[in-house]
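*Asks:* With our numbering applied, the sequence shown covers 38 to 128.
Quick reminder that beta carbons are idealized off the backbone N, C-alpha and C, glycines included.
Computed from a prediction, not measured in an experiment: that's the story for all the values here.
Pasting a structure here, questions to come.
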Amino acid sequence: MSKKKMCDGCKAVQTVKRVENLDEFVSLHEYAKNLIDGGEYEYDGGNIPDELAKQWPQDGLWYRIRCKTCGTQFTLWFDVFDSKGKFKKGK
C-alpha cells in the first residue's frame with residue numbers, strides 16, 4: 038500500500054505530548070471514540086474495553102484509531118504505573 042499524504046482532517050486532530058493522569062487519559066479516550074463516531078476514523082487496536090476504561094486492567098493502556106481517508110494512525114497510550122502517556126500520530 039502506498040503511503041498517502043495526511044489529509045486536512047488528520048492535520049486538525051489535537052494530539053497531546055504529555056498525558057499526566059488517568060482522568061486526562063479517559064478524556065482523550067472519549068475524544069478518540071468521538072472521532073470514530075464522526076465516521077472518518079475507525080478503531081485500529083488497543084487493550085481498553087470501553088466499559089473498563091477507568092478500571093485499568095493492566096499497567097499499560099493503549100488505543101489506536103486510523104483515518105479512513107489517508108490511513109494515518111493515532112495512538113493514545115498511558116502507563117498507569119508511571120502516570121504518563123501521550124496521544125500521538127503513528128504507532
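#1: Let me confirm a value: T109 is counted as buried when at least 16 other C-beta atoms fall within 10 Å, else exposed. Which label applies?
#2: Buried or exposed, going by whether 16 or more other CB atoms sit within 10 Å of the CB of Y78?
#3: Going by C-alpha to C-alpha distance, which of F62, Q51, F124 and Y100 sits closest to V117?
#4: Applying the 10 Å Cβ sphere with the 16-neighbour rule, what's the burial state of T112?
#5: Just mark G97 as buried or exposed, buried being the case when its beta carbon has 16 or more other beta carbons within 10 Å.
#6: Report the residue from V56, K41, G46 and K42 whose alpha carbon sits nearest the alpha carbon of S120.
#7: Where do the N-terminal and C-terminal ends of the alpha helix (DSSP H) with G46 fall, by residue?
#8: On a Cα-Cα basis, can you pick out the residue from K123, W99 and K48 that is closest to D81?
#9: Which residues mark the beginning and the end of the alpha helix (DSSP H) in which E61 is found?
*Replies:* So, to answer that:
#1: The sequence position of residue 109 within the sequence shown is 72, counting from 1. Counting Cβ neighbours within 10 Å, T109 comes out buried, since at least 16 surround it.
#2: By one-based count along the sequence shown, residue 78 stands at place 41. Counting Cβ neighbours within 10 Å, Y78 comes out buried, since at least 16 surround it.
#3: As a working mapping, residue 117 is identified with position 80 in the sequence shown. Nearest option by C-alpha distance: F62.
#4: The residue given as residue 112 occupies position 75 in the sequence shown. So T112 ends up on the buried side.
#5: Start at 1 with the first residue of the sequence shown, and residue 97 comes out as number 60. Burial call: exposed.
#6: Taking the sequence shown and counting its residues from 1, one reaches residue 120 at position 83. Of V56, K41, G46 and K42, the residue nearest in Cα terms is V56.
#7: Within the sequence shown, residue 46 is the residue found at index 9, counting from 1. D45 to K48 is the extent of the alpha helix (DSSP H) around G46.
#8: Here residue 81 refers to the residue found at position 44 of the sequence shown. With distances taken between Cα atoms, D81 lies closest to W99.
#9: Taking the sequence shown and counting its residues from 1, the one referred to as residue 61 is at position 24. Run containing E61: L59 to D74, per the alpha helix (DSSP H) assignment.
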